[in-house]
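J.:
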Amino acid sequence: MDVGIVMPCSAITPPELIAETAKAIEERGFASIWAPEHVIFFEKYQSKYPYADHGKLLGFDHGMMEPWTTLSFVAANTRRVRLGSSVCLVPQRNPVYTAKQIADVDFLSGGRVDFGVGAGWLKEEFDALQIPFERRGARTNDYIRVIQALWTMEKPSYRGEFYTLPECTQSPKPLQDPHPPIFFGGESKAALRRVARLGQGWMGASMMPEDMPAKLSQLDEALALEGRSRADIKVYTLPNQAPKAELFPQYADLGVEQVIHLIPMKNIDDVRQRLDTIAKMAFG
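Quick note: the sequence shown uses numbering that gives the first Met the number 0, first residue 0, plus one each step.
1) Can you name, in chain order, every residue of its own chain whose Cβ lies under 8 angstroms from the Cβ of residue 256, other than the five neighbours on each side?
2) Please list the segments of the beta strand (DSSP E) lying wholly inside the segment 64-146, counting only runs of 3 or more residues, in order along the chain.
3) The beta strand (DSSP E) spanning residue 204 covers which residue range?
4) Take residue 158 and list the residues in its own chain whose beta-carbon comes closer than 7 angstroms to its own, dropping the five residues that flank it on each side.
5) So, residue 39 versus residue 127, is the Cβ gap smaller than 9 angstroms?
6) Under the rule that 16 or more other beta-carbon atoms within 10 Å means buried, what is residue 203, buried or exposed?
7) Based on DSSP bridge pairs, tell me the residues matched to residue 260.
8) Pick helix, strand or coil for residue 30, following the three-state DSSP scheme.
9) Suppose contacts are defined by Cβ-Cβ distances below 9 angstroms. Is residue 290 in contact with residue 227 by that definition?
10) Could you pull out every residue in the same chain whose Cβ sits closer than 6 angstroms to the Cβ of residue 130, ignoring the five residues on either side in sequence?
11) Once DSSP output is grouped into helix, strand and coil, what is the label at residue 277?
12) If you drop the 5 nearest sequence neighbours on each side, which residues of the same chain put their C-beta closer than 7 angstroms to that of residue 89?
13) Hey, is the segment 61-79 in contact with the segment 160-179, meaning 3+ C-beta pairs nearer than 8 angstroms?
14) If you run the structure through DSSP and keep just helix, strand and coil, what is residue 168?
15) Here's a check: name, in chain order, each residue in its chain whose Cβ is nearer than 6 angstroms to the Cβ of residue 166, leaving out the five neighbours to either side.
16) Leaving out the 5 sequence neighbours to the left and right, which residues in its chain are closer than 6 angstroms to residue 11 when beta-carbon positions are compared?
17) Going by DSSP in three states, residue 22 sits in which element: helix, strand or coil?
18) When we look at the beta-carbon of residue 105 and count the other beta-carbons within 10 Å, is it buried (16 or more) or exposed?
19) For residue 16, which three-state DSSP category applies?
20) May I ask you to list the residues that DSSP assigns as paired with residue 312?
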């Protein structure tokens, strides 16, 4: 089983620390580096963060860097490690620009992108962007099809409920064939159906090993309805707690192919120590 690392880059994360952290992650044999996304935050909001009992997303008082900009910088400072979004808030974005950004990062990195997708939870952010919060899941599905068309067709076009793309061209295409793997986050039945219909992977968040069998069973049912099976996708998880040595083999026994942990980025010595601790837990 592989292990990935989320890098929470913000206004107080110097470029040198980002570069050194990325190199340290790669040097220790971790499989991937992930970047989260929120373009704005609020001191007060009514929306409930779904992955914490208190309903708040903590630890981002200084914002987040845009994920594809960050991952392009990370790509220039690494050679092997894969580069993913955890997650890219697709319904908040123009899909043509999103396709372009990701294709370019895949091209520049030598084909190392994993496209993690979320439908979003922070209504206030949607409101500020003047994008309807309602039916964001359906909008996500539509936008993903636009992105896939741009990545895989020489003269892409698309007509859907939320977006119409006239016949056009967009280059360069992603290096990965047919395109970077798409991982959907979310644990709802709708999210699992999205994985089954459109995805190459599922990113379950904040799930302990004992919680996963029921969700994996639901995922298997959704896949079967699409004529697919677990063999057709990858299962990743992002636990919302500190790494614990005993949990890594439990996730592996469930068929999880990658566990992804977030680390604070205070200074490079602290980062290296945290990475060494996780590596010892995961790899022995």
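Just so you know, even glycine gets a beta-carbon here, dropped at the ideal spot from N, CA and C.
T.: The structure says:
1) By 1-based counting over the sequence shown, the position of residue 256 is 257. Cβ neighbours of residue 256 beyond the five flanking positions: 0, 1, 233, 234 and 235.
2) 81-84 and 112-117
3) Translated into positions along the sequence shown, residue 204 becomes position 205. From DSSP, the beta strand (DSSP E) with residue 204 extends over 200-204.
4) On the sequence shown, position 159 is the one that residue 158 refers to. Excluding positions up to five away in sequence, the list is empty.
5) Working through the sequence shown from its first residue, we reach residue 39 at position 40. Working through the sequence shown from its first residue, we reach residue 127 at position 128. Yes, they are a contact pair.
6) Translated into positions along the sequence shown, residue 203 becomes position 204. Classification of residue 203: buried, given that the 10 Å Cβ count is 16 or more.
7) In the sequence shown, residue 260 corresponds to position 261, counting from 1. In the DSSP output, where bridge partners are listed per residue, residue 260 has 4.
8) Locating residue 30 in the sequence shown gives position 31, where the first residue counts as 1. Here residue 30 sits in coil by DSSP.
9) The chain is shown only over 0 to 283; residue 290 falls outside these bounds and no answer can be derived.
10) Here the question's residue 130 lines up with position 131 in the sequence shown. Closer than 6 angstroms at the Cβ level, and outside the excluded window around residue 130, lie 91.
11) Position 278 of the sequence shown, counting from 1, holds the residue named residue 277. Correct three-state label for residue 277: helix.
12) Here residue 89 corresponds to residue number 90 of the sequence shown, with the count starting at 1. The residues are 97, 116, 139, 142 and 143.
13) no
14) As a working note, residue 168 is residue 169 in the sequence shown. In this structure, residue 168 counts as coil in the three-state DSSP scheme.
15) To locate residue 166, count along the sequence shown from 1; it is residue 167. Here the set comprises 154 and 156.
16) Within the sequence shown, numbered from 1, the residue matching residue 11 stands at position 12. The answer, listed in chain order, is 61.
17) Position 23 of the sequence shown, counted from the first residue, corresponds to residue 22. It is helical.
18) The residue labelled residue 105 in the question sits at position 106 within the sequence shown. Buried, because 16 or more other Cβ atoms sit within 10 Å of the Cβ of residue 105.
19) Here residue 16 is taken as the residue at index 17 of the sequence shown, counted from 1. Residue 16 falls in the helix class under three-state DSSP.
20) Summary: the structure shown does not reach residue 312, with the chain confined to residues 0 through 283, and so no result is reported for it.
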